[in-house]
Structure formats: C-alpha cells, structure tokens
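Student: Sharing a structure, written as structure tokens. Questions coming.
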Amino acid sequence: MSQQGETHPRQEDEWWRQLYGSPEPGDPQESAETVDDHYASALSAVGAPDEPAVRDDPPVRDEPPAGGVPPARDPYAQGPYDRSPYDQDAPEHDDPGPPDTLRLRRTGRTAAQAAPPQTPPAAPAPPSPTVPSQQAAPQPAPADRPPRGGVIPTAGEAWGPRETPQQAYQQPYEEPRQAYQPPYEAPAPTAFGEGPVTWSDPDPGPAPDLPPGWAAAEPAAEAAPPFVGDGPPTYAAEPTAWPVAHPDELDSLVPDTVLDGAQYGVLTLRTASVRGDSARYRGQPRRDALLTARFGTGDDGLLLLAVASGARAADDAPRAAQDACRWIAGAVGRSQLRLSEDIRAARRGSLKSGLHRLTDRCYGRLRARGEDLGLEEGQYTASLRCLLLPVDPSCRIRLFFGVGDGGLFRIRDGSWQDLDPVGKDAEPGERFRFRASVAHPGDALLLCSGGLAEPLRGEPALAARLAHQWGSGRPPGLTAFLAEAQTRVKGYADDRTAVGVWDA
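In structure tokens form, the structure reads like this:
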C-alpha cells in the first residue's frame, strides 16, 4: 500500500523484485544494510509529496496511525459524519502485526534481522511521540473519528488531543414559586334555625290590576260530550282502559280514534272512526277499520273510502276488518283505469259486475286467511262498505258498493234520505249491495258503520241534530265533524265510523 492508492498485486511484486531482487555488484549478500535502508532509498527515488493529498473518501488503514489517540472532535461541528462499521473493531494502540513475509523472502532475512530499530529514521519531520500503553490509552468516543473527506495527516504530524472550548451550562430562568392561592373564599356554613318553614311571602299583597280593556278569565266549565235521548248514556264518555297487547303482535294494535280529511275540486271529505263507549270501558280494541286512498292523477283519479267492521264476538275482528279494507283497496287500485272509464261513460252494468267480482275476491281471501289461522267458517270476516268517487269535477256520479251491515244516507234540502238498498230495492238473498247516484250541489252524503247507522234510524233526535249541523251546505272542520260524530245516545255503545262527502 502506498499513498498513491491501491495497486495491482502483480505490479507491486514487480516493483519489489526490481528493488530487492538483484544486489548491486560488489555488495555481498551478508551486507549490513537493513530493510529501512532500502525503504529510505526507495522513498528518495519516488519522492515524497510536497503537500498532503486530498481524497474524497476516508482512507482505509490497516492499523491506527502512529502517535496515539486521534484528536478529539467537536460533536457540534458542521459536516456529516458517516462512521464506517469496520472502524468499530480497530485496535486502540499501535500493533506491529506479523512481519511481512513477502519482504523477508525477497531479502533473505529472518524476522529478527528485519525488525525495525526503535529510533525512527532521519526524516524532515520531527520524530513521532512514543505510543502510550494500552492501559493508559483513553477510549475514544464514537463521534471522535476523522471527518469524511478530510486531509490525511503526514507522518510528522502529532495526533494529540485538542481542547474543545465548552460553555458553562446556565440554568434557565425560573420564577420563584408563590404560595398556592385558593380560587375563591369558601362561604361560611349556613346555620339553619328551628321552626316552621315558609316558602312564600307571608303578605303577598293585592293582585295587580289588569290593563284597561282586559277582563279576568272565569274558570272554564268542563264541557261534557253532547248526548241525545231520554238520559245520559251508561258508560263514561272518555276512554278508560287500553286493550291488552301481545309482544309478538304489536302491529295489530289500533288507535282509539282516527281522523282524516281532504278536498278535491267540488268534493270535501271528512272521515272519523271512534272506539265505542263499551269498548273504551272494557279495554277492548276498536273493531271498525277506515281506509282512504287516491288512485291516479289529474281528472282520471279515483277516491276510495272504505269502512269495515269485524265480527262482534271474534278475537281477530280488528285484523279481519283491516284486511278487508286493504285488499279491496288493492283490487280497485289495480283496476283504476278501467273503472274511471266506466264511470265517465255511465256504464252501470259494467261497474256493478266489475265491483261485485272484486268484492268476491276480497271475501275469498278472508275465508282463506281464516282457514290458515284454524278458525271456523264465518269467524274471520267483516262487513265492508265503500264509496268510489271520481276526481273529475264534471262527473257527479257517486258509487256505493259493499257487503254487510251499515248505512248510506244523504242530506238534501235539509232532510235525511236513506239510500241503503236493503228495503224494497234489495233483491232477496243478495249479499252484494250496489248503488249509483247523481249528486246535486249542496248534497251531503254519509257512509257509516252499524254503530252510527242504528242510532240514526232509531233515535230521531240524533238525525235532527246531524241534519242541522251537516245539512247547511257548509262542510264542517275536522274537529267539529269528530265532535258531532261522537254524539252519544243511550243504549248505543258500539264503535262509530262516519264518512261525509259534501258537493259544492
């Protein structure tokens, strides 16, 4: 190895062969020249460098430089330092290592004869200091390594430790601690005396006068629901108990009261369904069902109002009534276009046969559902009554169809007309009922369940009251319609469902 970098092994052997291979004439083999003499002559032939060579990469040394510990490096100095992993196992003192066998073979000397003298040869630079012992050599820090890309020191330079200026550590300024101050002063404990406790002013004084024009409101008297007949009904007017619910059949629960309304062209609609006084008192569900639906848009639309009442003694009466309303509504909705055309063309025969067929299918499904539930024939059924009205204001045909008990009434010129085809107009043994009528401006049409139809037919006072309230030609509001539909009559305590249609 030389300061010019690594050379090829063959070139190095040739150089040593030319230098030491053949001795000069007259120079015996056992001459007193040593290897150092040859090294000095080779150095003078090659020539020492005038200035230290600068290399980009740190030189790789087989052994640490002579002269002891390398100088300490400031850890805060600039410049990156990439510590080679091969420097970790380097010895901390000068190790002469084994003798150069190649040089011994060339010169023919033994290791003892080739040992260099203790004193360094004469050189322009001062001699290197002696190497301290291994025990006295301080362990250099990992950061105290020659910097990357630094200058390779010459043989005459001393690698002594350099003093690094250090600044005295100053403690940061810290304000003196103050004594803990409580955030607030704790209030003194409240002393409670003995004796009665009063929470109001013992002498409030007279009440302030009302502003001019104001009058003190008198306590409102509790308004009792209206009733007609010989005396008050047996049961209370307000609900008393709710029906018993089953956790797996919560979808079958029905509310106590249902109220709805709408207005389309010349038609004003009011509907209400109320649980009867007897069912409210006994905690039974409402057996009546009410459904309102609109099919189609524009003048081709149809309005369906369906009222159903379940059997009185059946436990599944509320569900049967709801199924009857839903199934007939679905059948009418699917036939909306054909029914709308027949109504405009006044095809009475086609309408009767078509609605009769749809109603029979609905009751066929009710019978099938009863068989699935394991009920006897006739238990899972309901009475069904429907009104089918066209939205077109130019068409005043009103269709009624259904099966079972109930009522169909009309108020014209202030008097009631019973339109239910039960008496003379009904055929013997016919279950299906159908009626088509033409409305006049100012007519009020009433479709109701048996709970309201029976007192209307049996109590003239009730018929007179409702004719006065609903036959004036002005449709009532929702709450007013509900209040009049709940007019109580002694001896009639069933559910009530009413559908009112006013023609302008």
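Here this note's numbering = 1-based position in the sequence shown + 11. Each residue gets a CB set at the ideal place from its N, CA and C atoms; glycine is no exception. Note that the structure is predicted; figures quoted are calculated from it, not measured.
Going by DSSP, which residues form a beta bridge with I422?
Tutor: W427 and A455
Student: For the candidate residues G418, A491, G413 and R446, whose alpha-carbon lies nearest to that of Y340?
Tutor: In the sequence under discussion, the amino acid at residue 340 is Ala, which differs from the Tyr named in the question. Of the residues G418, A491, G413 and R446, the one whose Cα lies closest to the Cα of A340 is G413.
Student: Quick one: Cα of G276 to Cα of E387, how far?
Tutor: 46 Å
Student: Is S483 helix, strand or coil by DSSP?
Tutor: In this structure, S483 counts as coil in the three-state DSSP scheme.
Student: Going by CA-CA distance only, name the one from P296, V255 and A290 that's closest to V265.
Tutor: P296 is the residue among P296, V255 and A290 whose C-alpha sits nearest the C-alpha of V265.
Student: State the CB to CB distance for the pair K501 and P244, rounded to an integer number of angstroms; the pair is presumed to be in contact (CB under 8 Å).
Tutor: 5 Å
Student: Whole-angstrom Cβ separation of G287 and D505, contact assumed at under 8 Å?
Tutor: 5 Å
Student: Use the C-beta contact count for A521: other C-beta atoms within 10 angstroms, 16 or more gives buried, fewer gives exposed.
Tutor: Residue numbering for the chain in the displayed model covers 12 to 515; residue 521 lies beyond these limits and cannot be assessed.
Student: Roughly how many angstroms lie between the CA atoms of T279 and P401, to the nearest whole one?
Tutor: 13 Å
Student: Starting from T490, follow the alpha helix (DSSP H) in both directions and report where the run begins and ends.
Tutor: L489 to A496
Student: Could you have a look at C406 and say whether DSSP puts it in helix, strand or coil?
Tutor: coil
Student: Can the beta-carbon of P432 be found less than 9 Å from the beta-carbon of R444?
Tutor: yes
Student: Using only alpha-carbon positions, find the residue among G385, R378 and Q333 that is nearest to L395.
Tutor: Q333
Student: In the DSSP assignment, the alpha helix (DSSP H) including G461 goes from what residue to what residue?
Tutor: G461 to G469
Student: Find out if the Cβ-Cβ distance for the pair V318, S460 is shorter than 9 Å.
Tutor: yes
Student: I'd like the list of long-range same chain contacts for W513, defined as Cβ closer than 7 Å, with 5 residues on each side in sequence excluded.
Tutor: T279, A455 and P486
Student: Within 10 angstroms of the Cβ of S144, are there 16 or more other Cβ atoms? Answer buried if so, exposed if not.
Tutor: Note that S144 scores 47 on pLDDT, short of 50, meaning its location in the model is unreliable and no value can be drawn from it.
Student: Indicate whether I354 and L313 have their beta-carbon atoms separated by less than 9 Å.
Tutor: With respect to L313, I354 sits close: the two C-beta atoms are nearer than 9 Å.
Student: Name the two residues that bound the continuous alpha helix (DSSP H) containing V343.
Tutor: From DSSP, the alpha helix (DSSP H) with V343 extends over A328 to R345.
Student: Taking just the CA atoms, how far does R330 sit from S346?
Tutor: 25 Å
Student: Count the other C-beta atoms from every protein chain shown that fall within 10 angstroms of the C-beta of E352, then say buried if there are 16 or more, exposed otherwise.
Tutor: exposed
Student: Exposed or buried, E495, counting other C-beta atoms within 10 Å across all chains shown (16 or more means buried)?
Tutor: buried
Student: Classify D299: buried if its beta carbon has 16 or more other beta carbons within 10 angstroms, exposed otherwise.
Tutor: buried
Student: Just curious, the beta strand (DSSP E) that Y275 is in, first and last residue?
Tutor: T268 to Y275
Student: How would you call P217, buried or exposed, if buried means at least 16 neighbouring beta carbons within 10 angstroms?
Tutor: Flag for P217 reads exposed.
Student: Let me know the secondary structure DSSP gives L386 once reduced to three states.
Tutor: coil
Student: Please classify G417 as buried or exposed, where buried requires at least 16 neighbouring CB atoms within 10 angstroms.
Tutor: buried
Student: I'd like the span of the alpha helix (DSSP H) that includes A290, first residue to last.
Tutor: D288 to R293
Student: Using the Cβ count rule (16 or more neighbours within 10 Å means buried), how would you classify T392?
Tutor: buried
Student: Compare the Cα-Cα distances from R409 to each of G511, F238 and V46 and report the closest residue.
Tutor: G511
Student: Just to confirm, is the Cβ distance from L473 to T508 under 9 Å?
Tutor: Cβ distance not < 9 Å, so L473 and T508 don't count as in contact.
Student: Can you list, in chain order, the residues of its chain whose CB lies under 7 Å from that of A152, leaving out five sequence neighbours each side?
Tutor: Annotation note: pLDDT 49 at A152 (below 50); position unreliable, coordinate value reported separately. Hits under 7 Å: none found.
Student: So the beta strand (DSSP E) G321 belongs to, where does it begin and stop?
Tutor: G321 -> beta strand (DSSP E) spans L313 to G321.
Student: Can you give me the C-alpha to C-alpha distance between Q390 and A324, rounded to a whole angstrom?
Tutor: 8 Å
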